[in-house]
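Asks: Numbering (the numbering used here), first residue to last: 852 to 1530. Below are the structure tokens for one structure; questions will follow.
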């Protein structure tokens, strides 16, 4: 039909006598026939079907445990043999049509060659390494994973309890022979101590081959020996404990080194030392917990506060007992101010003394009276309606951070009631938590920090948070850590010294480890203590050896912190400077970085773990001298390439080059007619 339409159109147009010759007439008729026929054909929506064939070679991943324990405790000759074996295995498998990648424990991406391995990883998480490989090759032609490791696991769960969708060929390195060694296995202490009080520091000593012998243990601070103790190691054991009682000095962050003196014949002294970091504070903070009436929230808040030894709790219910003495440092007012002016005397006492306050709003709250307190949050309810919400962290809030585990637990919380209405923030008020209604994440506040520099205030807009702590305790073995941390950090933020500084720089966590990205938050204020942004801040960081590093950054509205990157373990002091409104401002502080020595604790390789892991996947345990046999076994498994076919349908009318071809034909016909005297 398309051809007939094209032929008819050309015949009607070019059958009449033309001013040009017959050959040209035939050519023009053919062009018109082709163009019209093809346009009619395009009206039928034709399409092209293309089939693409891809061949994927079988892939073998060399998963290498490049942790410090492998480099420290594997004999040099054995480690060199393992590295050469990996290179030979790579060459053998590549020549036989395999794709080979090397993935070390310390890097998320693969290496170009095994000879670039450096055994420097501070922890051993074999399950994380194998799971990462499985996720990266999900749905692809993964023939197997060659795991080169000493079998020591000190982070994450043991890989023998995980299921992997690929065979694991384990190669054991390290040394399985027991060695004469002393190690400081663990330190147990409270992170917070009170100035002038004595606090215990419990030391756990591990030993092999020194049973019945004495060991000398010292506690030092800044190189000065505080206490020395000789401990007799039981002959029929492998671990023992001893406890030091130390006196907390002046307030500040303190670093105590615990050291076991090296014994003759000891294999290594790398695991003979650990460090305790203790925050010495002035004294306990007194917390007033007052409520309009008995409520499950009060019990939940009380339990969370008593988890921290830094707080002393006072409880009060208006009308039951006398007004508490004004000796408390922070107040939690549950549904106060209440309807009927209940608790008015207590509110007046808190307001006059400018006590930092956490308000918890609920069904008995007098919201009109609350709005007059100028907390930075105004609530305009719509009748007695409520929303059922769960907490969602505000990513722009930087005064404290929420751990990944806390985010997962927040998502499990049951909904709690909040007033339904309009919420408005004023001044420097910030929301730490937003409301999530069902699956909808809103920007309506749930936990707000506001008030003034003279009286810090916070507001939690639900009296149903007790359900959160109860649910978390049920789901996580009576350990509601996320809820307790939220309450404790709220109180700690409220009880910080009133911010009369125009430059405020602070660590985003209580302490960091050597694996963390150390971050500092910064806030800048104008002369009337309103937040300002875009002012350059210069920060000087000084370590315990008096070496300094300088950083420059600009605080922004999104609350992005200053990233210092990973730091070596120790106590650091910092000093920040900025010019605000033409006046120089400065702030100072300190931060702790805890050094992890996990890799030096255990010098004995665990090949039994590797044997179990390989046997579960139908393989066996190999050793560095057996790489040739390992290569033959992989080849015998007869892994094949996988061929993928992909079909693609594309409408012909979408091909751009056809448009330009038709345009060229029409243009040529028009130009020929015009040139030859036609119209």
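Think of the CB as a built atom: it goes at the ideal place given N, C-alpha and C, for glycine as much as any other residue.
#1: Let's test the definition: count the other Cβ atoms within 10 Å of the Cβ of residue 936 and tell me whether it reaches 16, buried, or not, exposed.
#2: Please report how far the alpha carbon of residue 1060 lies from the alpha carbon of residue 1030, in whole angstroms.
#3: So, at 7 angstroms on beta carbons, what are the nonlocal neighbours of residue 897 in its own chain, with the 5 sequence-adjacent residues on each side left out?
#4: Just to confirm, is the Cβ distance from residue 1480 to residue 1473 under 8 angstroms?
#5: Got a sec? Which residues, its chain only, sit under 7 angstroms from residue 1350 by beta carbon, not counting five neighbours each side?
#6: May I ask you to report which of helix, strand or coil DSSP gives residue 1404?
#7: Between the C-alpha atoms of residue 1007 and residue 1461, what's the straight-line distance to the nearest angstrom?
#8: With a CB to CB cut of under 8 angstroms and the five nearest residues on each side skipped, what residues in its chain are close to residue 1521?
#9: For residue 1207, which option in 1341, 1425, 923, 1478 has the closest C-alpha, if you only look at C-alpha atoms?
#10: Tell me, please, whether the region 1041 to 1051 touches the region 1010 to 1026 by the rule of three or more beta-carbon pairs shorter than 8 angstroms.
#11: Rounded C-beta distance between residue 1359 and residue 1372? I'm assuming under 8 angstroms.
#12: Apart from the five residues just before and just after residue 1499, which ones in its own chain have a Cβ nearer than 6 angstroms to its Cβ?
#13: Would you kindly work out how many angstroms separate the C-alpha atoms of residue 1166 and residue 1427, rounded to a whole number?
#14: Compare the C-alpha of residue 1316 against each of 1089, 1267, 1355, 1307 and name the closest.
#15: Is the distance from the Cβ of residue 1186 to the Cβ of residue 1216 below 8 angstroms?
#16: Quick test of your reading: residue 1282 and residue 1261, contact by CB under 8 angstroms. State the CB separation rounded to the nearest angstrom.
#17: Could you give the uninterrupted runs of the alpha helix (DSSP H) lying entirely in the region 960 to 1025, keeping only those of 4 residues or more?
#18: Check the DSSP bridge columns for residue 921 and list the partner residues they point to.
#19: Would DSSP call residue 1277 helix, strand or coil?
#20: Ordered along the chain, which non-local residues of its own chain (more than five positions away) have a Cβ less than 8 angstroms from that of residue 848?
#21: Do residue 1415 and residue 1309 have their CB atoms nearer than 8 angstroms?
#22: Could you pull the start and end residues of the beta strand (DSSP E) that residue 1373 belongs to?
#23: Short of 7 angstroms in beta carbon distance, which residues of its chain neighbour residue 1226, apart from the five on each side in sequence? Order them along the chain.
#24: Give the single residue among 1011, 1292, 910 whose Cα lies nearest to the Cα of residue 952.
#25: Give the straight-line distance between the Cα atoms of residue 874 and residue 1506, rounded to the nearest whole angstrom.
#26: Assuming residue 1103 is part of the beta strand (DSSP E), what are its boundary residues?
#27: So what's residue 886 in DSSP terms, helix, strand or just coil?
#28: With three or more C-beta pairs closer than 8 angstroms as the rule, is the region 977 to 987 touching the region 1427 to 1437?
#29: Per DSSP, what kind of secondary structure is residue 916 in: helix, strand or coil?
#30: Just to confirm, are residue 1035 and residue 908 a CB contact at a threshold of 8 angstroms?
#31: Express the C-alpha separation of residue 1212 and residue 1148 in angstroms, rounding to a whole number.
#32: Quick check on the burial criterion: 16 or more other C-beta atoms within 10 angstroms. Buried or exposed for residue 1493?
#33: Look at the Cβ atom of residue 1333, then the Cβ atom of residue 1020, and state whether they are nearer than 8 angstroms.
#34: Taking the alpha-carbon of residue 1457 as reference, which of 1000, 1228, 1137 has the nearest alpha-carbon?
#35: If we require 4 or more residues per run, which alpha helix (DSSP H) segments fall completely within the region 1227 to 1271?
Replies: Result, derived from the coordinates:
#1: buried
#2: 7 angstroms
#3: 1503
#4: yes
#5: With a pLDDT of 46 at residue 1350, under the threshold of 50, the modelled position of this residue cannot be trusted, and the question is left open.
#6: strand
#7: 16 angstroms
#8: none
#9: 1341
#10: no
#11: 5 angstroms
#12: 901
#13: 40 angstroms
#14: 1267
#15: yes
#16: Actually they are not in contact, since the Cβ atoms of residue 1282 and residue 1261 sit about 15 angstroms apart, beyond 8 angstroms.
#17: 977 to 987
#18: BP columns for residue 921 are empty, so no partner.
#19: coil
#20: Residue 848 falls outside the range modelled here, since the chain spans only 852 to 1530, and no answer is possible.
#21: no
#22: 1369 to 1376
#23: 1210, 1301, 1302, 1308, 1310
#24: 910
#25: 32 angstroms
#26: 1103 to 1111
#27: helix
#28: no
#29: coil
#30: no
#31: 11 angstroms
#32: exposed
#33: no
#34: 1000
#35: 1255 to 1263
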